[in-house]
Amino acid sequence: MRELFRVSIGGAHAGLVITAVAMALSAAIGGARWALIVGGAVAAWFAVALFAVRRGGRRGRAAAVRAYLLTFGWAGWL
122 MRELFRVSIG GAHAGLVITA VAMALSAAIG GARWALIVGG AVAAWFAVAL FAVRRGGRRG
182 RAAAVRAYLL TFGWAGWL
């Protein structure tokens, strides 16, 4: 089960790119307001992930990397 949910930094980078493309598309189609909504949702998710990781005991760069993986690592499963 643990191997099934493993994420990589490459998958997280792909997730960041896909998210940026989705934000650009939402800005092109719906205007800047929708891009801000989507960007705000992603930023809020990252903040929650960072808070959870910090409460789990990680600090500094390790906490930021783990929150990055939790926020954007889903693309590794595509």
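If you read the sequence shown in the numbering used here, its first letter stands for residue 122, the second for the next number, and so on.
The beta-carbon is built from N, C-alpha and C at its ideal position, and this holds for glycine as well.
Straight-line gap, residue i to residue j (C-alpha atoms, nearest Å)
| i | j | result |
| --- | --- | --- |
| tryptophan 198 | alanine 148 | 26 Å |
| leucine 146 | arginine 154 | 12 Å |
| leucine 190 | glycine 151 | 28 Å |
| alanine 133 | threonine 140 | 10 Å |
| alanine 156 | valine 163 | 11 Å |
| methionine 144 | alanine 170 | 20 Å |
Supposed contact pair residue j and residue i - C-beta distance, whole angstroms, cut 8 Å
| i | j | result |
| --- | --- | --- |
| valine 174 | alanine 188 | 5 Å |
Per-residue DSSP class, three states only, for residue i
| i | result |
| --- | --- |
| valine 186 | helix |
Residue i at chain C interface by Cβ criterion, 9 Å
| i | result |
| --- | --- |
| glycine 131 | Among the protein chains of the structure shown there is no chain C, as only one such chain exists. |
For this session: Could I get the ranges of all uninterrupted alpha helix (DSSP H) runs contained in the segment 151-176, with 4 residues as the minimum, in chain order?
Result: 153-176
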